[in-house]
Amino acid sequence: AVFVPGNRGRASAVTCPADVVHFVREAFQHGKPIAAIGSGVELLRLAALPVHLAETGTEVVVDRGVVTSVDGVYDDFVAALVAAIEAGRDWSRAPGSLPV
């Protein structure tokens, strides 16, 4: 699994190394559970993953094994992350499933 924590800034193409984005994209294509919270969700946006991501507020969004929350309730976020890890790989996210 991959967990992307938030930080005080926002992820952007300027502040986020390309190899970090590549790592997240590779994990996605290999079906690994991925989670991001706070500004970490911006990194997933940079990676252009074809899933629905949390936008604002306290919602916890789970889509194809990707768990996101911008300002979520941590208990709900952790429960969703644990469920994604227990479910294992999402085999619908095969290599070649990402836009270039």
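The numbering used here numbers the first residue of the sequence shown as 1053 and each following residue consecutively.
A virtual CB, placed ideally from N, CA and C, is assigned to each residue, including glycine.
> First and last residue of the beta strand (DSSP E) that includes P1132?
Replying inline: Per the sequence shown, the amino acid found at residue 1132 is Ala instead of Pro. That residue, A1132, is in no beta strand (DSSP E); its alpha helix (DSSP H) goes Y1126 to A1139.
> Thinking C-alpha only, which one of A1087, F1080, V1113 and A1079 is nearest F1055?
Replying inline: A1087
> For the candidate residues K1084, V1072 and P1057, whose alpha-carbon lies nearest to that of G1140?
Replying inline: K1084
> Since V998 is in the beta strand (DSSP E), which residue starts that stretch and which ends it?
Replying inline: The requested residue 998 is not part of the displayed model; the chain covers only 1053 to 1152.
> In whole angstroms, what is the alpha-carbon distance linking A1099 and A1053?
Replying inline: 16 Å
>> Just to confirm my understanding: we take P1057, look at its own chain, exclude 5 residues before and 5 after, and list those with CB closer than 6 Å. What are they?
In response: G1092
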